[in-house]
Every structure is written in C-alpha cells, then in structure tokens.
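Below is one structure; the comments refer to it alone.
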C-alpha cells in the first residue's frame with residue numbers, strides 16, 4: 740500500500756503541492772476563507788479528473804510475478820474483484836443496516852458544489868459577466884483563480900468603502 744502512495748505522489752500529487760506552494764509564495768493564496776473556497780471552485784474538477792485517471796492506471800496495470808513472494812500476478816482490479824479465482828477468500832463483509840443508518844446520520848452529505856453556494860453563485864455571475872469558461876488545465880485554473888480573486892476582493896473593498 741505504501742508503494743501506491745509513493746506512485747500517486749510522484750505521478751500526480753507532487754505537481755499540485757508545488758503549484759499551490761508557488762501560489763502561496765507569490766502572494767496569491769493567504770489561506771483565508773475566500774482563498775480556500777476559490778481554490779475548490781477553480782481546481783477541484785481538474786484534480787478529481789487527475790486522481791480518477793491515476794486510480795484507473797493503477798488498477799489496470801499488470802503486477803509482475805515475483806518468485807520470492809509467491810503472490811499472484813495480474814491487474815489489481817481483477818485481484819480485488821475476483822479474489823476467489825486466485826485462491827483467496829473474499830473478505831468483504833456485509834454491514835448491518837442500523838450501523839449504516841448511524842453513519843449516514845453522523846456524516847455530512849457531500850454537496851455537488853465545489854464550494855459554498857453563495858460563492859459558487861457569485862463565481863458563476865462573474866464568469867458570465869466576463870465571458871470566462873471553466874478552466875481545463877492547471878495553468879488556466881491559476882489564471883482563472885487570480886481573476887476571480889481579484890474581482891471579488893475589488894468588489895469587497897468597494898462595498899466596505901461605501902459602508903464607512
């Protein structure tokens with residue numbers, strides 16, 4: 740399992756860690772409420788697509804045979820799904836319905852929006868007003884994030900000055 744995390748970090752996560760660290764060093768991310776929500780709005784879909792692709796590549800790659808371990812070789816998704824074909828017991832167990840209900844009550848349902856509803860609506864309005872599209876790659880997303888952040892901060896400063 741540690742090998743999987745190492746591969747994921749090298750092939751996917753390290754890029755994002757470096758990108759967000761650079762944004763912070765360049766002064767485009769302070770960690771405040773707005774910045775965190777805007778990151779989600781601008782980057783979440785792209786990151787999720789990359790994670791899905793990384794998982795698919797991992798699950799469909801072929802594990803080579805190794806004489807010293809004696810473990811079966813094949814694709815991880817097949818080893819997991821059809822463990823009985825490789826001489827292993829299926830260790831999936833059924834959960835009690837009451838336990839499932841308790842978990843559902845204790846867990847917050849995942850929202851389909853990448854950020855809170857008000858910011859989401861504001862970002863859609865700004866996109867429409869400025870004829871912006873949802874970014875398709877990380878570098879477009881950085882520019883998109885900076886534009887949205889600038890617009891929202893400018894609106895916020897204008898409103899604050901009007902109130903005073």
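Numbering (my numbering), first residue to last: 740 to 903.
Where is the CB? At the ideal position from N, CA and C, for every residue including glycine.
{"Check": "Cutoff 8 Å; reference residue 801; Cβ partners in own chain excluding five residues on either side", "Outcome": "812, 813 and 814"}
{"Check": "Residues of its chain near residue 836, where Cβ-Cβ distance is below 6 Å and the 5 sequence neighbours each way are ignored", "Outcome": "none"}
{"Check": "Burial state of residue 834 (16 or more Cβ within 10 Å)", "Outcome": "exposed"}
{"Check": "Ranges of the alpha helix (DSSP H) found wholly within the stretch 799-824, counting only runs of at least 4", "Outcome": "815-820"}
{"Check": "Own chain partners of residue 774 with C-beta closer than 6 Å, once the 5 adjacent residues on each side are dropped", "Outcome": "768"}
{"Check": "Sequence-distant residues of its chain with Cβ nearer than 6 Å to residue 874 (five each side left out)", "Outcome": "880 and 883"}
{"Check": "Buried versus exposed call for residue 781 [16 or more other C-beta atoms within 10 Å across all chains shown]", "Outcome": "buried"}
{"Check": "Selected residue, minimal CA-CA separation from residue 809, among 796, 793, 827 and 794", "Outcome": "827"}
{"Check": "CB contact flag (residue 888, residue 777, <7 Å)", "Outcome": "yes"}
{"Check": "For residue 746, the nearest candidate out of 790, 862 and 890 (CA to CA)", "Outcome": "790"}
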